[in-house]
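Visitor: Positions 188 to 374 (this note's numbering) are the ones given, in order, by the sequence shown. Just so you know, even glycine gets a beta-carbon here, dropped at the ideal spot from N, CA and C. Just dropping this structure here.
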Amino acid sequence: MKKIAIFASGSGTNLQSIVDYIKQGTLQAEIALVVCDQPGAFAIERAKKENIPTFIFKAKDYENKVAFETEIVKELRERDVEFIVLAGYMRLIGETLLSAYSHKIVNIHPSLLPAFPGKDAIGQAFNAGVKITGVTIHYVDEGMDTGPIIAQQAVDILDGDTRDTLQVRIQDTEHWLYPDVLRKILA
Ligand code: GAR
């Protein structure tokens, strides 16, 4: 059973869907650690409810990114984590984590990259007036939402959609696509 860590900064709905797939037996993995950079994030509540160990930190308590990533790598190593899954972790991954987990970090992003990288990709696509957007899963490199693409799923933007109705369909897509892709990668 591969030991994975999930990194989150927000509500953790993708974390929850991965937990649910593992519990149903449709994804073989063990979440050995949830890493969160926002002490108030709901993702932490979800992890605690599932009895998953957490490492919670505030970037501003450290001198720099190297310092907090060194601490994260130590926590990951102690728990024999082999693979890192970014699920709404809103921070660029630095050299310390990239070299410790080379080609073993994946991210999910709510657009068809390379279109609409960065924050609020759903709002960006909605405001741009495009008719198709979607979800991308990719390996992580030093860039923002860059790195080799593993899978993409298109989502239509429908007449009458609001940003919120679009977000619901994008997130519904994320919640099956991420576990599905992880099943293939971790096999
Ligand atoms: C997800 O939609 C994910 O694709 C996005 O953050 C959201 C987290 O939601 N990630 C990015 O925008 C990365 N650039 P969640 O906390 O409910 O899983």
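Report, in whole angstroms, the separation of the C-beta atoms of VAL355 and HIS325, which I expect to be a contact under 8 Å.
Guide: As a first step, residue 355 must be located in the sequence shown, where it is residue number 168. As a first step, residue 325 must be located in the sequence shown, where it is residue number 138. Contact between VAL355 and HIS325 is absent: CB atoms are separated by about 23 Å, not below the 8 Å threshold.
Visitor: Less than 9 Å between CB atoms is the rule here; does GLY197 satisfy it with respect to chain B?
Guide: The structure shown contains no chain B; it is built from a single protein chain.
Visitor: Where DSSP assigns a beta bridge to GLN340, which residues make up the other side?
Guide: By 1-based counting over the sequence shown, the position of residue 340 is 153. In the DSSP output, where bridge partners are listed per residue, GLN340 has VAL322.
Visitor: Could you tell me if ARG233 is buried or exposed, where buried requires 16 or more neighbouring beta carbons within 10 angstroms of its beta carbon?
Guide: Residue mapping note: residue 233 aligns to position 46 of the sequence shown, counting from 1. ARG233 comes out buried.
Visitor: With three or more beta-carbon pairs closer than 8 Å as the criterion, would you say the region 357–368 touches the region 314–331?
Guide: yes
Visitor: Below 8 Å, can you find three or more Cβ-Cβ pairs linking the region 254–261 to the region 279–291?
Guide: yes
Visitor: Compute the Euclidean distance between the alpha carbons of ALA219 and PHE242, then round it to the nearest angstrom.
Guide: Within the sequence shown, numbered from 1, the residue matching residue 219 stands at position 32. Within the sequence shown, numbered from 1, the residue matching residue 242 stands at position 55. Rounded to the nearest angstrom, the two C-alpha atoms are 11 Å apart.
Visitor: Taking only runs that begin and end inside the region 226–278, name each unbroken beta strand (DSSP E) of 3 or more residues, in chain order.
Guide: 241–243 and 270–273
Visitor: Please find out if some non-hydrogen atom of the ligand GAR comes closer than 8 Å to the beta-carbon of HIS296.
Guide: Counting from one through the sequence shown, the residue named residue 296 turns up at place 109. Yes.
Visitor: With H, G and I counted as helix, E and B as strand and the rest as coil, what does DSSP make of LYS306?
Guide: As a working note, residue 306 is residue 119 in the sequence shown. Here LYS306 sits in coil by DSSP.
Visitor: Which same chain residues end up closer than 6 Å to TYR208 when comparing Cβ atoms and leaving out the 5 residues on each side of it in sequence?
Guide: The residue you call residue 208 lines up with position 21 of the sequence shown. Only LEU214 and PRO366 meet the Cβ criterion.
Visitor: Determine whether the beta carbon atoms of ALA274 and ILE205 lie at a separation below 9 Å.
Guide: Taking the first residue of the sequence shown as position 1, residue 274 is located at position 87. Taking the first residue of the sequence shown as position 1, residue 205 is located at position 18. In contact: ALA274 and ILE205 (Cβ atoms closer than 9 Å).
Visitor: Beta strand (DSSP E) containing HIS296: first to last residue?
Guide: Counting from one through the sequence shown, the residue named residue 296 turns up at place 109. HIS296 -> beta strand (DSSP E) spans 292–296.
Visitor: Tell me which same chain residues have a C-beta within less than 6 Å of the C-beta of GLU237, skipping the five on either side of it?
Guide: Here residue 237 refers to the residue found at position 50 of the sequence shown. Closer than 6 Å at Cβ, skipping near neighbours: VAL206.
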